[in-house]
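In this text, residue positions in the sequence shown follow this note's numbering: the first is -12, and each later residue adds one.
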Amino acid sequence: MAVVIRPRPPAPARAIELTALPGIAGVLRRPHVLNALRGLTVFLLASAIWFGLTDPAGSGAFTLALMWGIFWPFFTSLVTPTLGNAFCSVCPHGFMGKYLSRIGLKRHAPRWLIRANIGLVLVMVTYWAVSFAAPAAFARSADITAGFFLAYTLLAAASFLVWRDMAYCRHICPLGGVLTAYARAGSAWITTEAKNCATCRSFDCARACPHHLSPFRFEERNDMADCTLCMDCATACTSVKVELRRPGHQLARPVARDDGRTARILLWLTAVAAVGVQFQHGLNHTPLAAMMPWNLAGGLLADRIPMPAWFQWSGLVALLLAIALTLGAARTGWGLVARLAGRDRAEVAAVLGHGLAPLACIAMLAHGIVFFLAVYAPRLWNSAIAAYGLPAAEIGPLVARGTPWLGIFDLLPWIAILWSLRVMHRRTALVLPAGTPRGRRFLATTAAAAPVLLYALVLVVKLWAAAQGMPAGHVH
């Protein structure tokens, strides 16, 4: 059931209007440059799939570097939390879909497809579960990686040929909902000139949108919904403005017609990309690694249920435990807030879930930045030279792992925690009745932040373990 909240009029936002800057405006309002970038991503995707399937031991190195070097840590972990759905704006599948949908059956997406959260299920099962239980399957296998992306490319093409309104991007794509949720903490925002919209009867921006969204309502609803920043609306109408605002500017205000989907995605991302990754890549690198419950349980399962060498029971148990603890913390804490507020639990969860956006976005940022500089960037450059036969010199790491100044990125998870706590405090106020006593407000805010406090506890345990002075363990 959708949560209908009438937002208060938004305060004037401090913003940099990109469409008012001469050079940038020409790019955003004319499709030629963006289409050239989209054509490049289609070429890179096709090349990576071809190299991975035909020469996995040679040119397939480019497949691994592109898909797991640029695609995930750069766009998902760095660009999306800062700029918004920048990847979706140049996504090869979306670019392909704009043309395939014109010749397809143009059927409306069935109700079950809209409600099923298929994209979230797909990213959890086909990516995260595999990454935890069989990390080498993707990271070291070019043919499996190529097959993975080929399968999703074929699924996307079939979906575009059947359903209208870019249904694949909105309801099936494993990254569509994830990146939309990440973008809640981003800066990019599309708005319109209110005085022009008041007399407009042509609705050019809405007509141009391939998702059939209404850009002139984004400000009123405090929600850009499934906007992929394709810029078709900015091309169609000069009253559409693209702005850079304060990161997470929309998190302090209610979202009209919120069905809770974004909150659910952010909660699952917190469980996996924050808590789960700290289990796997944080606590597993401390002296406590051998004593961690997922490693103990994984050892018992490996003895009783033997699996191939590439499968790790401990990784799967770590993932499941992270999900259970995070969802349990949210259910308990948000349930208490619902009782204190006298409101429905689902309605409260839909409001509070947005408070996890900074944590879900920034939790992996430090890991992504360091690995991009030290590993992925030189690997991508060097493998591209070999795969395409380019006349260029190879490069080494942009920065050596262990360089002291890289330690500054260790502060990012704590910044994410503080930011999420601040946002959660504000969003708790949205669900509590006016005049709630201070003590009950404090209790409600603390309960609302239960998933954030769980993540903070994991970080504290990791720091304590690392400070004990014993040789660090490593179970992976």
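Note that CB positions come from ideal geometry on N, CA and C, so glycine has one too. On a predicted model such as this, the values are computed, not experimentally measured, just so you know.
Using the C-alpha atoms, what's the distance from residue j back to residue i?
i        : j      : result
Val447   : Arg102 : 38 Å
Leu408   : Gly376 : 50 Å
Ile3     : Arg232 : 7 Å
Phe359   : Gly302 : 23 Å
Val165   : Tyr139 : 16 Å
Ala443   : Gln237 : 24 Å
Trp368   : Phe38  : 15 Å
Leu141   : Leu419 : 47 Å
Ala373   : Arg291 : 45 Å
Thr433   : Val338 : 15 Å
Ala309   : Ala379 : 45 Å
Gly47    : Leu137 : 14 Å
Arg388   : Lys449 : 20 Å
Lys93    : Ala143 : 14 Å
Ala7     : Ala23  : 22 Å
Met279   : Asn271 : 8 Å
Phe205   : Thr179 : 9 Å
Ala353   : Pro234 : 17 Å
Asp246   : Phe429 : 27 Å
Val(-10) : Val242 : Per-residue confidence for Val(-10) stands at a pLDDT of 46, beneath the threshold of 50, marking its modelled position as unreliable; no derived number is given.
Arg208   : Ala172 : 16 Å
Ala111   : Val77  : The question names Ala, but residue 111 is Met in the sequence shown. Looking at the two C-alpha atoms, the distance is approximately 23 Å.
Gly286   : Gly315 : 25 Å
Thr41    : Val362 : 24 Å
Arg413   : Ala239 : 6 Å
Pro202   : Ala296 : 51 Å
Ser1     : Met294 : The amino acid at residue 1 is misidentified as Ser; the sequence shows Arg. When rounded, the distance between both Cα atoms is 56 Å.
Val14    : Cys196 : 18 Å
Val304   : Arg127 : 22 Å
Phe396   : Gly26  : 34 Å
Cys156   : Asn104 : 12 Å
Leu385   : Gly56  : 14 Å
Pro424   : Cys217 : 46 Å
Under 7 Å, do residue i and residue j count as touching if we go by C-beta distance?
i      : j      : result
Arg366 : Ala44  : no
Gly477 : Ala175 : Outside the shown range of the chain, which is -12 to 463, sits residue 477, and nothing can be said about it.
His80  : Asp152 : no
Leu306 : Gly263 : yes
Ala344 : Trp321 : no
Asp213 : Thr167 : yes
Gly163 : Gly91  : no
Leu31  : Leu87  : no
Leu253 : Ala347 : yes
Ile177 : Val229 : yes
Ala416 : Val324 : no
Gly342 : Val410 : yes
Ala431 : Leu327 : yes
Ala350 : Ala403 : yes
Ala120 : Phe298 : yes
Leu464 : Ala452 : Residue 464 lies beyond the residue range present for the chain, which begins at -12 and ends at 463; the question has no answer from this structure.
Ser370 : Phe49  : yes
Val357 : Leu398 : no
Tyr169 : Thr67  : yes
For the putative contact between residue i and residue j, defined by C-beta atoms under 8 Å, what is the C-beta separation to the nearest angstrom?
i      : j      : result
Ala464 : Trp150 : This structure does not reach residue 464, given that the chain is present from -12 up to 463, and the question cannot be answered.
Val283 : Trp300 : At residue 283 the sequence reads Leu, which differs from the Val that was named. Actually they do not touch by this definition, with Cβ atoms about 11 Å apart.
Cys184 : Ser146 : 32 Å between Cβ atoms; not a contact.
Val29  : Phe82  : 6 Å
Pro161 : Leu109 : 4 Å
If you measure from the CB of residue i, is any heavy atom of the ligand SAM nearer than 6 Å?
i      : result
Leu200 : Although the ligand SAM was asked about, the structure shown includes no ligands whatsoever.
Just verifying my parser: in three-state terms, what is the DSSP assignment at residue i?
i       : result
Thr179  : strand
Glu230  : strand
Trp297  : coil
Glu207  : helix
His463  : Unreliable placement is indicated for His463, whose pLDDT of 49 sits below 50; no coordinate value is reported for it.
Ile159  : helix
Arg244  : coil
Ile90   : helix
Ala371  : helix
Glu4    : strand
Pro(-3) : Confidence is the limiting factor: at Pro(-3) the pLDDT is only 47, short of 50, which leaves the residue's position unreliable, though a coordinate-based value still follows. Three-state DSSP puts Pro(-3) in coil, outside helix and strand.
*Kindly confirm or deny that the region 126 to 142 and the region 168 to 188 touch, where touching means at least three C-beta pairs closer than 8 Å.*
Taking a cut-off of 8 Å for Cβ pairs, the region 126 to 142 and the region 168 to 188 do not touch, as fewer than three such pairs fall below it.
*Touch check for the region 208 to 225 and the region 4 to 20: three-plus C-beta pairs under 8 Å?*
Touching, yes, given that three or more Cβ pairs across the two stretches are closer than 8 Å.
*Is the region 247 to 260 touching the region 106 to 117, taking contact as three or more C-beta pairs under 8 Å?*
Judged by Cβ distances under 8 Å, the region 247 to 260 makes contact with the region 106 to 117, as three or more pairs qualify.
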